[in-house]
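This report refers to the structure that appears directly beneath it.
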Amino acid sequence: MTAMMRLLLVLLACMPGLAYAADPVAAEPPTKMSPIEVRANSMEFTRWIKVGSPNFILYTDAKASEATTILREFEMLHFAGQVAFNRRAARFGPIILVLPTARSDWRKLETMGADVEWKSAATAPAGQVLDVVLAQYDWQDEGLSIVRAVYAALHARRMDVHGPFWFGRGFGMFYQTAEFDRDRVALGRAHPQMWHLQDGGWLPWGRFFAVNPRSPEFTKESKIVLYEAQVAIFTQYLLAHQDRAWMGRLATWMEYLEAGGEPTEAKFQEIFGENWKSWQATMQTYLRNGSYSIFQVRVPPDVMKFTEIKYKLPVREIRELFVLMQTLVQRTPESKAALESLLEKGLQSEALQELLVDACLEWDHDDDALKLMRKLIADGSKNPRVYRMGDALLTRHAGAFTFATRYGAEIAEVREWDRRGLALEPAFSELNESLAVNEAGAPVVDQQSILTIEECYSRIKGRAPTDRVLAALAMALWRSGDKVTATELATRLRDDPLCAKSARKVVEEMLASESKGTLPAGATLLPKS
Numbered sequence: 223m224t225a226m227m228r229l230l231l232v233l234l235a236c237m238p239g240l241a242y243a244a245d246p247v248a249a250e251p252p253t254k255m256s257p258i259e260v261r262a263n264s265m266e267f268t269r270w271i272k273v274g275s276p277n278f279i280l281y282t283d284a285k286a287s288e289a290t291t292i293l294r295e296f297e298m299l300h301f302a303g304q305v306a307f308n309r310r311a312a313r314f315g316p317i318i319l320v321l322p323t324a325r326s327d328w329r330k331l332e333t334m335g336a337d338v339e340w341k342s343a344a345t346a347p348a349g350q351v352l353d354v355v356l357a358q359y360d361w362q363d364e365g366l367s368i369v370r371a372v373y374a375a376l377h378a379r380r381m382d383v384h385g386p387f388w389f390g391r392g393f394g395m396f397y398q399t400a401e402f403d404r405d406r407v408a409l410g411r412a413h414p415q416m417w418h419l420q421d422g423g424w425l426p427w428g429r430f431f432a433v434n435p436r437s438p439e440f441t442k443e444s445k446i447v448l449y450e451a452q453v454a455i456f457t458q459y460l461l462a463h464q465d466r467a468w469m470g471r472l473a474t475w476m477e478y479l480e481a482g483g484e485p486t487e488a489k490f491q492e493i494f495g496e497n498w499k500s501w502q503a504t505m506q507t508y509l510r511n512g513s514y515s516i517f518q519v520r521v522p523p524d525v526m527k528f529t530e531i532k533y534k535l536p537v538r539e540i541r542e543l544f545v546l547m548q549t550l551v552q553r554t555p556e557s558k559a560a561l562e563s564l565l566e567k568g569l570q571s572e573a574l575q576e577l578l579v580d581a582c583l584e585w586d587h588d589d590d591a592l593k594l595m596r597k598l599i600a601d602g603s604k605n606p607r608v609y610r611m612g613d614a615l616l617t618r619h620a621g622a623f624t625f626a627t628r629y630g631a632e633i634a635e636v637r638e639w640d641r642r643g644l645a646l647e648p649a650f651s652e653l654n655e656s657l658a659v660n661e662a663g664a665p666v667v668d669q670q671s672i673l674t675i676e677e678c679y680s681r682i683k684g685r686a687p688t689d690r691v692l693a694a695l696a697m698a699l700w701r702s703g704d705k706v707t708a709t710e711l712a713t714r715l716r717d718d719p720l721c722a723k724s725a726r727k728v729v730e731e732m733l734a735s736e737s738k739g740t741l742p743a744g745a746t747l748l749p750k751s
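In my numbering, the protein residues as written are 223 to 751.
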C-alpha cells in the first residue's frame, strides 16, 4: 500500500494556548469513564512535548530539535504559499500539528479496543473552529510530504483560494514538492505521481475538469492513480510557471467553474488561449521533457527567526487530546460515549475547549456547542472563528432566517459577535458575509446599516466572492427606501453569469416583488455554516 493510501489524517480543531491545571490522576472526578478514556488513562504519554511558532502548535514525542525543524519548515511554507498567490492568509490562530512517532503511546493506543479503521480527510469541514493535522503513518521514515499536502487545503482556505475538486488535490500535491534550504523554499520539482502517465491514460480534458469524488475516475483505485497524475501535471505547470500571468488564468478558470460554468473547450480556449488538442500537446511535452519550472521564495529573516514557545504539557492534556480526536474521526458508539462523558464531567484542559466544540458539532450536539461557544466568547476568545461559529449556531438555533421573517433579540447579539470577530481579522470573508446578511436582516435598516455592508464589501473585494454581500446590500437599499439603486444592483447581479446561485435567487425574488411593494416572502440568504 502506498504512503498516500496509508496516511490516516483528520483535519479538525484545537485551541492554542497553555494548559493551566496540574495532572494528578487521583484528582479525576468519580464519574464513570468511557472505554476510550479508560484506554487513554492507561498510558503515560512519555516524551511528549508541545511547542509553538507564530502559525503552528506542534504536539509530538519526537526530539525537541526535530520539532524545531518541523516548525521552521512549516513557517517557511506558510510564507511561500502567500507569496505564490499574492494573498495574505487570514489569522485564525495556529494550525495544530499532531505527529506521533512510530514508538509512541498514541500509536499503541490505536491498536487497542475496537477494530475500527480510521478515515482520512483532506480538508477541514466548513464552519469548524480550528484546524488540526493528525499524521498516522511513520512520518519520520517517509517524510512530511503527506502532512504538507493536507496542510495545503487548510492554507488555501485561510487565503480564500477556493477551487474545484481537481485543484484541491493538485494544490496539495504541489506542496508535497517543497524543498527547504536555509532561507529558501523551492516548489515545483517533478511529483512522482506524474510518471504514471508516461504510457498514456490521459482523460479528455472536458471530462478531467468534471470529475468529482463520486466519479468512477476517483472511486476505482486503478483509475485514481492516472487521474492524480494528470492533476499533478496540470496544477504544477500553472502554479510554478515563471510567467505569473498563468496564475491569473488559473484563477479565472476556477472562478468560472466554481460559479457553475461548464468546462467547455470554447471557454477554456478563451481563458488559456489553447484548445483541447494543443493543450494536450503542451502537457505531453511538459511531461516528456522532464524540465520543470521551479518556484523559489526567499523567506525574510523576521519569518525565520521566530521565538519558539515551549508550552507546559500535563499528561491530562495529551490524554484528552487523544480522546477528542477519537470522537471526531470514529463514528462509533464508543466515540459517542466518550463525548457524552466529557460533556458530563467537563474538559479539564483549557487548551482543548474549542476542540470539544468541534466534537459537539461533529455529533450534532448543537445546543452543547452553543453553550460552550457562549463561554468562549464571554472569556474574550482571540480566535475569529469562534465568533463566526457562534453566529452560525445562534442563527441555526433561532430557526429560519429570511428577509421576510426575522427573529427578534438574537439579531443584535449575532451582529455584535460578527463585529468582534472582524476586529480580530478584518479580512475574514465568511464573517464579512455574515455581518452583511445580518445587517440587511435587522429589524431596522438605516444608512449606518448600508455603510456597514459597504465596508464588508470593501474588505473582501478582490479576495473572495462578493455576490452574497452585494445581494445583502441590494436588499438593505430596498428596505431603506432606495429602490432605484437596489433595483439597479439586483439587476446587475441577476444578469452576471458568474453570480452565485443563492445570491441570484434572492435578487430575482426581490425584483419579482418590486411591483407589489412587499418584501420577498421566500428568499433566504443564510450565512454559510
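Just so you know, even glycine gets a beta-carbon here, dropped at the ideal spot from N, CA and C.
Computed from a predicted structure; not experimentally measured.
(message) Need the endpoints of the beta strand (DSSP E) that residue 383 sits in, please.
(response) Position 161 of the sequence shown holds residue 383. Element bounds for residue 383: n/a, residue is neither H nor E.
(message) What ranges does the alpha helix (DSSP H) occupy inside the segment 656–691, keeping only unbroken runs of at least 4 residues that lie completely in it?
(response) 669–682
(message) Let me check one thing: in DSSP terms, what residues is residue 281 bridge-paired to?
(response) Against the sequence shown, residue 281 aligns to sequence position 59. According to DSSP, which records beta bridges pairwise, residue 281 is partnered with 272 and 320.
(request) Pull up the distance between the alpha-carbon of residue 748 and that of residue 714, whole angstroms please. (result) As a first step, residue 748 is located in the sequence shown; it is residue number 526 there, counting from the start. As a first step, residue 714 is located in the sequence shown; it is residue number 492 there, counting from the start. Low per-residue confidence applies at residue 748: pLDDT is 44, beneath 50, and the placement is therefore not dependable enough to give any value.
(request) Could you round the C-beta distance between residue 724 and residue 690 to whole angstroms and report it? I think they count as a contact, below 8 Å. (result) As a first step, residue 724 must be located in the sequence shown, where it is residue number 502. As a first step, residue 690 must be located in the sequence shown, where it is residue number 468. Going by Cβ atoms, the distance from residue 724 to residue 690 rounds to 6 Å, so yes, they are a contact pair.
(request) Leaving out five residues on either side along the sequence, give the residues of the same chain with a beta carbon under 7 Å from the beta carbon of residue 277. (result) Start at 1 with the first residue of the sequence shown, and residue 277 comes out as number 55. Counting only Cβ-Cβ distances below 7 Å, and skipping sequence neighbours, we find 297, 300, 316 and 317.
(request) Compute every distance between the C-beta of residue 424 and the non-hydrogen atoms of the ligand GDP, then say whether any falls below 7 Å. (result) No copy of the ligand GDP appears in this structure; indeed no ligand is present at all.
(message) With a threshold of 8 Å, are at least 3 pairs of Cβ atoms found where one atom belongs to the segment 672–686 and the other to the segment 468–487?
(response) no
(request) Please state if the CB of residue 396 and the CB of residue 409 are separated by a distance shorter than 8 Å. (result) What you label residue 409 is simply residue 187 of the sequence shown in a count that begins at 1. What you label residue 396 is simply residue 174 of the sequence shown in a count that begins at 1. Contact: yes.
(request) Please classify residue 532: does DSSP put it in a helix, a strand, or coil? (result) By 1-based counting over the sequence shown, the position of residue 532 is 310. Note: residue 532 maps to strand in three-state DSSP.
(request) Check whether the Cβ atoms of residue 312 and residue 655 sit closer than 8 Å, and answer yes or no. (result) Indexing the sequence shown from 1 puts residue 312 at position 90. Indexing the sequence shown from 1 puts residue 655 at position 433. It is not a contact, given that the beta carbons lie outside the stated cut-off.
(request) Tell me whether residue 465 sits in a helix, a strand or coil according to DSSP, three-state version. (result) Along the sequence shown, one-based indexing puts residue 465 at 243. The answer is coil: DSSP assigns residue 465 none of H, G, I, E or B.
(request) Report the option in 670, 522 and 488 whose CA atom is closest to the CA atom of residue 699. (result) By one-based count along the sequence shown, residue 699 stands at place 477. Comparing Cα positions, the closest option is 670.
(message) Using only the alpha-carbon positions, how far apart do residue 552 and residue 558 sit?
(response) In the sequence shown, the residue the question calls residue 552 occupies position 330. In the sequence shown, the residue the question calls residue 558 occupies position 336. The alpha-carbon atoms of residue 552 and residue 558 are separated by roughly 9 Å.
(message) For a quick check, are the C-beta atoms of residue 607 and residue 293 less than 8 Å apart?
(response) Position 385 of the sequence shown, counted from the start, is the residue given in the question as residue 607. Position 71 of the sequence shown, counted from the start, is the residue given in the question as residue 293. Contact: no.
(message) Relative to the C-alpha of residue 350, which candidate in 634, 387 and 578 has its C-alpha closest?
(response) The residue labelled residue 350 in the question sits at position 128 within the sequence shown. It is 578.
(request) Pick out the complete beta strand (DSSP E) segments inside the segment 474–539, 3 residues or longer, and give them in chain order. (result) 517–520
(message) Considering just the uninterrupted stretch of the beta strand (DSSP E) at residue 406, what are its terminal residues?
(response) Here residue 406 refers to the residue found at position 184 when the sequence shown is read from its first residue. Element bounds for residue 406: 406–409.
(message) Considering only the alpha carbon of each residue, which of 431, 688 and 509 lies closest to residue 485?
(response) Taking the first residue of the sequence shown as 1, we reach residue 485 at position 263. The shortest C-alpha separation from residue 485 is found at 431.
(message) Does residue 440 come out as helix, strand or coil in the three-state DSSP assignment?
(response) Reading the sequence shown from its first residue, position 218 is the one you call residue 440. Residue state, collapsed to three classes: helix.
(request) Reducing DSSP to helix, strand and coil, say where residue 218 ends up. (result) The requested residue 218 does not occur in the structure, where the chain is confined to residues 223 to 751.
(request) Could you check what DSSP says for residue 401 in three-state terms: helix, strand or coil? (result) As a position in the sequence shown, residue 401 is number 179, starting the count at 1. Strand.
(request) Mark residue 566 as exposed unless 16 or more other C-beta atoms lie within 10 angstroms of its C-beta, in which case mark it buried. (result) Taking the sequence shown and counting its residues from 1, the one referred to as residue 566 is at position 344. Per the 10 Å Cβ criterion, exposed.
(request) Could you tell me the distance, in whole angstroms, from the CA atom of residue 527 to the CA atom of residue 272? (result) Numbered from 1 along the sequence shown, position 305 holds the residue referred to as residue 527. Numbered from 1 along the sequence shown, position 50 holds the residue referred to as residue 272. Each residue's Cα considered, the two are about 19 Å apart.
(request) Say whether the segment 700–710 touches the segment 658–677, bearing in mind that this needs 3 or more beta-carbon pairs closer than 8 Å, one atom from each stretch. (result) yes
(request) Run the CB neighbour count on residue 348, radius 10 Å, all protein chains shown included, and call it buried at 16 or more, exposed below. (result) By one-based count along the sequence shown, residue 348 stands at place 126. The predicted position of residue 348 is uncertain, since its pLDDT is 42 and thus under 50; a value taken from the coordinates is nonetheless stated next. Answer is exposed; the Cβ neighbour count stays below 16.
(request) Using the Cα positions of residue 561 and residue 651, report the straight-line distance between them to the nearest angstrom. (result) Against the sequence shown, residue 561 aligns to sequence position 339. Against the sequence shown, residue 651 aligns to sequence position 429. Rounded to the nearest angstrom, the two C-alpha atoms are 31 Å apart.
(request) Within the same chain, show all residues whose beta-carbon is closer than 7 Å to that of residue 464, passing over the 5 residues directly before and after it, in chain order. (result) In the sequence shown, residue 464 corresponds to position 242, counting from 1. Closer than 7 Å at Cβ, skipping near neighbours: 515.
(request) Measure the beta-carbon distance from residue 653 to residue 679 and round it to whole angstroms, keeping in mind my assumption that it falls under 8 Å. (result) Taking the sequence shown and counting its residues from 1, one reaches residue 653 at position 431. Taking the sequence shown and counting its residues from 1, one reaches residue 679 at position 457. Not a contact, Cβ separation roughly 13 Å.
(message) Can you look up residue 553 in the DSSP assignment and give me helix, strand or coil?
(response) For the purposes of this step, residue 553 is identified with residue 331 of the sequence shown, where counting begins at 1. Note: residue 553 maps to coil in three-state DSSP.
(message) By the three-class DSSP mapping on this structure, what secondary structure does residue 413 have?
(response) Counting from 1 along the sequence shown, the entry for residue 413 is found at position 191. Residue 413 falls in the coil class under three-state DSSP.
(message) For residue 550 and residue 580, what's the separation of their Cα atoms in angstroms?
(response) By one-based count along the sequence shown, residue 550 stands at place 328. By one-based count along the sequence shown, residue 580 stands at place 358. Answer to the nearest angstrom: the Cα atoms are 8 Å apart.
(message) Buried or exposed, going by whether 16 or more other CB atoms sit within 10 Å of the CB of residue 331?
(response) By 1-based counting over the sequence shown, the position of residue 331 is 109. With 16 or more Cβ atoms within 10 Å of its Cβ, residue 331 is classed as buried.
(message) Counting beta carbon pairs with one atom in the segment 436–451 and one in the segment 377–384, are three or more of them shorter than 8 Å?
(response) no
(message) Suppose contacts are defined by Cβ-Cβ distances below 8 Å. Is residue 582 in contact with residue 598 by that definition?
(response) Residue 582 sits at position 360 when you count from the first residue of the sequence shown. Residue 598 sits at position 376 when you count from the first residue of the sequence shown. No. Outside cutoff.
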